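Protein sequence lines correspond, in order, to chains A, B, C and D. If you count the first sequence from 1, position 270 lands on 304 in our numbering, and the numbers rise without skipping. If you count the second sequence from 1, position 56 lands on 59 in our numbering, and the numbers rise without skipping. If you count the third sequence from 1, position 160 lands on 162 in our numbering, and the numbers rise without skipping. If you count the fourth sequence from 1, position 106 lands on 125 in our numbering, and the numbers rise without skipping. Yeah, the Cβ is synthetic: ideal placement off N, Cα and C, and Gly gets one too. Here the structure is a predicted model, which is why all the values come from computation and not from measurement. Written below as structure tokens is the structure these notes are about.
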Amino acid sequence: MPPPAGGVARGSGRSFGLASRYPLVPITILMIVLVIPSFFADLIAPHDPYAASVPNRLEPPVFAGGTWEFPLGTDRLGRDILSRTIHGAKYALSISLVGIFLGTILGTAVGLAAGYFRGWTDRIVMRVVDVSFALPSILLALALAAAFGSSFEGVIFVVVFVLWSYFARQVRGEVLSLRERDFVARARVAGAGHGRIIFRHILPNVMNTVIVLATLQIGVVIILEASLSFLGIGIPRPTPAWGLLVADGRALVVSAWWVSLIPGLAILLTVLSVNLFGDWLRDRLDPKLRQR
Amino acid sequence: MSKFFLVRFSEAIVALWAITVIVFALTHLSGSPVDALLPDDATPEQAQMLIEEWGLDRPLLVQYFTFLGNVLQGDFGDSLKWRGQTAMGVVLDHLPATLQLGSFAVLIGVVVAVPLGVLAAARKNSAIDTSANVLALLGQSIPNFWLGIILVWLFGVTLGWLPTSGRGGFSHMILPAIAMSWFQIAALTRLTRSAMLDVLDAEYIKLARIKGLGERAVVWKHALRNAAIVPLTYFGVLAGSILTGSVVIETVFAWPGIGWLAIEAIRGRDYPVVQSVVVVFAVIYILANLLVDLLYAYVDPRIRR
Amino acid sequence: MSDSNRPVLEVENLHTVIATQRGTFDVVDQVSFRLEAGETLGIVGESGSGKSMTGLSLLGLVPKPAASVVGGRVLLDGEDLRSKSEAELRQVRGRKISMILQDPQTSLNPAFTIGNQLLEALQVHERDSRQSLRQRAIQALRQVRVAAPERRVHDYPHQMSGGMKQRVVGAIAISCAPRVIIADEPTTSLDVTIQAQYLKLLEDLQRETGLALIFITHDFGIVARICQHLLVMYAGRIVEAGPVREIFNRPSHPYTRALLASVPTVERKVDRLPSIEGQPPPLHDLPKGCRFAPRCGFAETRCHEAYPGHSAGRSGHPRHIVNCWRAEEI
Amino acid sequence: MAHHALNLSARLAGSTAIGVMALALLTAASDAAAVERVTIVMDPSAAQTNRAWATGGAFDLDAVYQRLIGNDPETGEYDSSGLAESWEANEDFTTWIFRLKPEAEWHNDWGPVTSADVAHSYEIQTGPDTLATGVASLRGGTAEIIDDHTISFHFDEPKMDFDFANAGRGSMYIYSKAQFDAEGVEGYDNEPAGTGHFRFVEREPGRVLLETVQDHWSGTTPDFNELELRFTLEPATKLAMLLSGEADISVIPRELLGDATGSGMEVVTSEQPSKQVVVMPDGLYMKEGDPAFNPGLPWTDVRIREAMNRALNRDEIVEALYDGEAEPLVRYGMHETHEGYVPELAERFEAEYGFDPERATQLLEEAGYPDAFEEPVIPIVSTVSPGSPEYPTMAELIQVYFDSVGFQTEIIEMDWASLGALGRGREAYVIHPVQNAPIRPSNVALTNTFLEEGSTYHGYEDDALTAIVEKMAATIDPKAREDLMREAFTYAFENYTDMPMVSLHHPVAVNPEAIVTWQYPGVTSNGLSHWHLIDTVE
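In structure tokens, the structure reads:
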């Protein structure tokens with residue numbers, strides 16, 4: 035399981051040139067691979083993603099000797115890989131959105147509190163963050179799966195667990211420096227309450243960082259889901275989640291490579307584009323960069 | 004200085020304690036070792052005897068304090084799955100394999116990513132920069148188990164250059180270490196590059212050039228020494244991800260380390276071993292981060308006092 | 003002025019451009035001047051007028067890959083630096099021509115001791131034993147009046163005050179006894195007393211070594227104090243050039259006059275350039291004619307249509323030159 | 020400097036390449052000689068220990084230790100290839116006598132095998148901390164040493180399957196008392212001495228190394244010097260090890276056997292079927308007054324159970340899950356080599372269990388679920404059990420069949436242990452696969468499957484069947500037992516107590532350049548045994 039795009043996002047300051055030059059490319063790929071399939075899977079997919087047909091099992095893709103009936107081949111049970119991959123986009127998107135949303139909210143709230151109030155709040159929060167960093171998330175995931183079975187909610191929980199402490203740490207750092215700035219001091223002198231200072235003056239200033247970081251986590255979450263599926267504790271079958279599809283087809287990597295390759299490519303393209311897009315977004319939103 | 008370390012140390016102890024509580028609760032929540040270790044056709048009566056023998060019928064709190072008491076005496080209990088060995092003994096048996104693979108992976112990461120990041124920054128928008136960009140993005144876009152399997156097939160079977168799996172000579176380490184460091188290389192390259200870009204704009208870099216220094220000295224001495232602090236911070240994160248990464252990579256490459264052990268232990272509900280793994284891991288994590296703090300002081304003289 | 007001597011530095015039609023997403027623009031254009039040994043040339047102008055870029059262009063150190071020097075000649079002791087390779091240029095930098103940067107807080111590398119950084123400057127150019135180079139480094143510190151230089155070499159930059167750091171930067175600049183030093187606003191970030199001390203130091207050094215100094219600043223007080231010649235730059239071009247006294251007495255360009263208007267006596271220190279109505283034109287949108295025309299109170303039609311050529315300054319001094327259509331009228 | 024760094028990595032790569040080439044040369048050189056070491060790669064056993072009683076049956080040192088009773092390598096029947104040359108029970112099966120082979124001796128000079136060793140082994144294997152399989156069949160006896168090579172066990176009740184507990188599937192491995200007296204149990208942990216054809220050399224994480232005992236007391240000696248067991252979970256990796264020559268024998272899932280043979284490997288299978296697989300409609304605690312009885316379970320209705328069976332296309336299942344390499348299964352626990360075999364059931368199977376989705380839908384309607392099945396949802400467990408990599412796919416396939424006749428289903432992912440916990444808590448209200456591995460004697464299978472005190476993975480209990488099976492267990496007369504078994508199997512068949520799937524041989528893939536053949540009957544829990552019969556290329 036990869037760590038959150040740790041320093042990747044933070045500090046990585048300037049992105050590679052590719053994204054800033056062609057922001058439309060990643061957006062287009064994301065639309066094609068992730069967004070459109072998520073919303074219109076039923077319209078686009080040629081087959082029911084759950085419909086098995088044993089006589090048609092392990093048909094190769096059309097470019098490797100297969101037929102147009104199953105353009106990207108079939109899996110062990112004769113299910114259409116193209117359709118399953120298209121439907122898989124829904125799960126990639128929903129896990130990412132829900133998991134990142136919750137993790138971001140939690141982490142940002144905690145980070146805001148720690149950075150703003152400092153003192154004991156900060157000490158305690160940062161120790162909890164330390165504990166959660168030192169606790170191997172994968173073991174946590176295994177234990178949880180053993181206790182409650184694996185489920186969509188379980189995967190979300192692990193995602194949130196991995197992300198919150200990371201966001202808490204980043205946001206706290208930003209807040210620590212923000213609260214020393216003039217406009218915060220002015221607000222305080224003007225008699226603004228804590229709530230007002232936090233939400234009116236500090237939060238808007240960390241939002242850009244949070245949005246950029248959150249975008250860059252989409253790739254992390256998709257890869258995390260794949261790792262959990264590899265360990266058999268991801269989204270339960272027969273849901274065609276990408277990670278599960280890749281994990282499930284991995285033993286067939288020689289004879290029926292398409293079973294894992296196609297969903298693997300979907301992951302690759304999505305994560306690649308998300309990162310490019312995130313880079314572009316950072317160039318746009320990071321005030322430090324705007325000066326240049 | 005000593006006060007600083009005293010505070011750090013006591014905080015680490017508290018963190019470790021909190022971790023034992025969480026892990027204890029989680030492992031016990033996850034089910035009984037009896038179910039995992041007994042054969043399928045074992046009778047309920049046989050299970051009951053074991054439960055009593057292992058004291059699993061006592062209240063959880065009692066079990067926890069017994070465990071804590073033993074731990075304070077350095078005793079993590081006997082393994083339930085590797086019978087005949089202490090839990091900590093099992094973990095320490097497997098630890099060298101993970102440390103070896105993990106440090107080699109970190110080494111590969113540093114040896115590849117830092118120069119790549121430096122070159123990419125030094126020749127911004129050049130071919131090297133673009134390749135580093137592509138490599139970095141690819142590294143973050145492939146699930147590592149899948150990459151591992153593909154490496155096994157390509158280099159182990161099709162080309163036959165390297166052993167497919169298992170622990171043995173140096174050659175056995177190459178594929179798993181690459182698979183393990185792949186993601187890290189990506190992250191580290193990006194980090195190094197951006198840190199270098201920040202530093203290369205600094206006035207002292209201009210001054211170094213004004214002095215008539217060659218680009219090599221400017222980039223690799225003056226810039227890198229100052230940019231190094233950012234990848235160094237990442238080293239702490241890296242240490243944390245070794246165990247996480249090793250769980251998957253060690254399974255694919257049949258590398259008998261603690262990642263593999265952790266899975267086996269948690270599947271076998273071997274509580275003492277799970278607890279030992281987590282404690283050892285937390286200690287490694289804490290030590291690694293302490294080491295990062297020390298390295299900071301070395302890299303940045305401003306922190307030294 | 004000793005016209006019989008060949009100038010140390012002679013710059014002809016220096017032309018530097020910068021490439022951006024909107025296109026390629028001139029940042030330094032048609033800049034020519036000459037400098038003789040022991041002489042001090044001031045360059046003044048607002049931020050973005052190209053004065054710093056001119057300094058960097060001389061050294062061939064414009065920020066790459068965006069900027070590049072595309073034309074002109076830079077003759078240092080008769081050798082054209084523009085025709086030299088990067089490797090040859092490195093031989094010249096630091097040894098024959100050096101530079102002092104604006105901010106002492108950031109011009110020294112925080113990761114190395116100052117002794118190390120001084121020594122490095124020497125090692126690049128001098129083949130001598132480490133021991134004797136060390137002595138020369140200490141000597142350079144002594145020259146810039148750093149007390150107890152033997153001990154100070156072991157200090158890191160963060161252990162020194164701002165003024166002290168700027169002295170160290172100066173020591174690095176003079177360590178190889180260059181012919182020319184470009185000082186880019188070296189005193190801006192120092193407080194007033196330290197500033198005076200530093201200027202005195204530069205003057206002393208110049209007297210001791212006979213080096214030529216290019217002093218980039220926006221402070222006419224400093225110009226009046228240490229410079230013999232002056233270039234006034236606006237939007238990448240020289241608008242007026244000549245001996246300091248002549249320009250101060252008879253400023254011929256409206257821009258120079260506006261600058262000087264807020265400096266009633268040469269004795270008064272001014273931190274910032276006096277405000278002039280309007281903003282300098284952005285690089286991507288330079289006026290077709292005189293670049294100052296949009297802000298100029300004297301501008302007439304021709305000013306907006308074509309760039310004025312050289313004409314003699316009002317002082318009548320042979321080296322006093324001004325680029326203004328109406329120089330003689332106003 | 021930049022170039023320097025690149026050079027460094029280039030040099031690193033270079034030296035690695037040289038190392039690899041040297042390694043290849045070395046292996047090539049050793050290939051010329053006869054096979055020195057046989058390497059087998061398989062799944063890690065559930066418990067990695069030298070103590071057989073701490074394992075559920077898949078014991079890493081099966082090649083080192085022996086049991087009292089052996090199995091014929093071809094038929095799997097009990098024979099005298101173990102440590103006992105003969106054994107017998109009295110008429111009411113309360114006393115068993117074993118006569119040991121006088122020539123049998125321990126590795127590492129721990130002397131000859133004696134009755135004291137057997138008595139000692141019985142004691143440690145039946146202790147309270149034993150995880151051993153079928154320990155209920157062992158417990159309750161007192162050992163009496165008659166002489167050095169004769170020992171008897173006395174029981175209060177008839178112990179009809181004591182021979183089973185002492186043969187291939189049992190875990191009554193014989194340990195040395197002399198070693199125990201000298202070194203304690205730590206001796207077993209550090210330097211275990213057995214009596215088999217292979218001597219323990221070392222155990223490392225992920226690997227066990229054994230060496231051949233030259234001039235073994237049995238008179239036969241394998242034709243290779245070392246046996247290495249490597250433990251790997253990932254199927255693709257196990258196949259890769261075989262194809263790259265790192266392993267000579269690989270225990271891989273059936274779906275990869277084709278990849279192996281396609282690359283020049285060969286497949287060796289057990290002589291006999293080694294397991295039966297069924298899908299169990301669990302949680303049927305239907306005995307009168309059982310508090311765990313859940314009337315809300317749809318499959319308490321026999322029509323629903325028949326509908327489930329009718330929904331399955333077994334030909335497709337064999338094709339999709341077993342690459343066509345499986346025999347149909349008629350009745351779980353019943354096998355023609357064991358007692359109580361009812362041949363007619365095979366003839367009735369097609370008519371009563373055959374694939375008939377229409378009949379299934381109709382049965383659903385009759386059972387009160389017309390127009391498909393809204394509530395409740397039927398939970399199908401997808402699980403990973405060692406040696407059964409097909410279970411998750413099976414769950415998906417069953418779901419497809421069930422859905423197509425009108426059941427409402429969901430797949431629940433659960434690890435094997437959690438499923439066991441459900442059974443132990445008597446709340447296994449789920450559908451899940453389970454296997455009978457190896458195929459046990461009918462009486463063991465029946466008591467295990469249908470009695471409340473049987474295995475936690477089975478959950479069909481009703482008064483009528485319980486009565487038959489309990490009566491059978493208490494009956495000594497062979498004819499009467501036979502009849503009761505037949506009655507039990509027929510009753511179970513007619514009541515659709517489960518969904519029979521397949522009967523399987525145990526295949527391994529071997530490298531023909533190293534291995535000629537390997538004869539093993541498939542009578543142990545992981546299917547492998549008779550390691551000394553691995554025949555290598557000369």
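For the alpha helix (DSSP H) containing residue i, list its first residue and its last residue.
{"i": "Asp502 of chain D", "result": "Pro497 to Glu513"}
{"i": "Ser34 of chain C", "result": "That residue, Ser34 of chain C, is in no alpha helix (DSSP H); its beta strand (DSSP E) goes Gly25 to Leu37."}
{"i": "Asp273 of chain B", "result": "Counting along the chain, Asp273 of chain B falls outside any alpha helix (DSSP H), and DSSP gives it neither H nor E."}
{"i": "Gln144 of chain D", "result": "Ser134 to Gln144"}
{"i": "Gln198 of chain D", "result": "Lys196 to Glu202"}
{"i": "Leu75 of chain B", "result": "Leu63 to Leu75"}
{"i": "Ser105 of chain D", "result": "Ser105 of chain D -> not in any alpha helix (DSSP H); beta strand (DSSP E) instead, spanning Ala103 to Ala108."}
{"i": "Tyr207 of chain B", "result": "Glu206 to Ile213"}
Please report the Cβ distance between residue i and residue j, rounded to the nearest whole angstrom; I am assuming they are in contact, meaning their Cβ atoms lie under 8 Å.
{"i": "Gly243 of chain B", "j": "Asn147 of chain B", "result": "Incorrect: roughly 16 Å between the Cβ atoms, too far for contact."}
{"i": "Phe186 of chain B", "j": "Gln143 of chain B", "result": "6 Å"}
{"i": "Arg11 of chain B", "j": "Ala436 of chain D", "result": "With a Cβ gap of about 40 Å, Arg11 of chain B and Ala436 of chain D do not count as contacting."}
{"i": "Thr214 of chain D", "j": "Leu102 of chain D", "result": "6 Å"}
{"i": "Gly442 of chain D", "j": "Asp301 of chain D", "result": "7 Å"}
{"i": "Ala291 of chain B", "j": "Met199 of chain B", "result": "That belief does not hold up - the Cβ atoms of Ala291 of chain B and Met199 of chain B are roughly 24 Å apart, past 8 Å."}
{"i": "Phe219 of chain D", "j": "Val83 of chain D", "result": "5 Å"}
Excluding five sequence neighbours on each side, which residues of the same chain lie with their C-beta closer than 8 Å to the C-beta of residue i?
{"i": "Val293 of chain A", "result": "Leu92, Gly107, Asp109, Arg110, Ile115, Leu279, Asp282, Gly283 and Leu286"}
{"i": "Ala507 of chain D", "result": "Gly359, Leu465, Phe469, Leu484, Ile487, Val488 and Met491"}
{"i": "Leu264 of chain B", "result": "Val93, Val94, His97, Val276 and Val280"}
{"i": "Val339 of chain C", "result": "The first residue shown for chain C is 3 and the last is 332, placing residue 339 of chain C beyond what the model contains."}
{"i": "Ile25 of chain B", "result": "none"}
{"i": "Leu138 of chain B", "result": "Leu119, Ile188, Ala189 and Thr192"}
So if DSSP puts residue i in a beta bridge, which residue, or which two residues, is it bridged to?
{"i": "Val193 of chain A", "result": "DSSP, once it has assigned bridges, lists no residue as partnering Val193 of chain A."}
{"i": "Thr219 of chain C", "result": "C:Val46"}
{"i": "Lys294 of chain D", "result": "D:Leu523"}
{"i": "Gly89 of chain D", "result": "D:Asp98"}
Once the 5 residues before and after residue i are set aside, which same chain residues still bring their CB inside 7 Å of it?
{"i": "Tyr67 of chain B", "result": "Phe27"}
{"i": "Pro259 of chain B", "result": "His97, Ala100 and Arg170"}
For the beta strand (DSSP E) that residue i lies in, which residues bound it at each end?
{"i": "His319 of chain C", "result": "No beta strand (DSSP E) contains His319 of chain C, which DSSP labels as neither H nor E."}
{"i": "Asn15 of chain C", "result": "Leu11 to Thr22"}
Would you say residue i reaches chain G, if we count a Cβ-Cβ gap shorter than 8 Å as a contact?
{"i": "Gln49 of chain B", "result": "In the displayed structure, chain G is absent; the protein chains listed are A, B, C and D."}
Which residues in the same chain as residue i place their Cβ atom closer than 6 Å to its Cβ, once the five residues preceding and following it in sequence are excluded?
{"i": "Lys53 of chain C", "result": "Ile45, Gly47, Ile218 and Met235"}
Does the count of Cβ pairs from the region 265 to 285 of chain D and the region 164 to 179 of chain D closer than 8 Å reach three? No contact exists between the region 265 to 285 of chain D and the region 164 to 179 of chain D.
For the pair the region 295 to 303 of chain B and the region 41 to 55 of chain B, tell me if three or more CB-CB distances fall below 8 Å. no
Should the region 449 to 457 of chain D be regarded as contacting the region 407 to 423 of chain D, the criterion being three or more beta carbon pairs within less than 8 Å? Touching, per the Cβ criterion.
Would you call the region 74 to 89 of chain C and the region 12 to 20 of chain C in contact, with 3 or more CB pairs under 8 Å? Three or more pairs of CB atoms, one per stretch, sit closer than 8 Å, so the region 74 to 89 of chain C contacts the region 12 to 20 of chain C.
How do the region 81 to 95 of chain D and the region 52 to 72 of chain B stand: do at least 3 beta-carbon pairs fall below 8 Å, yes or no? no
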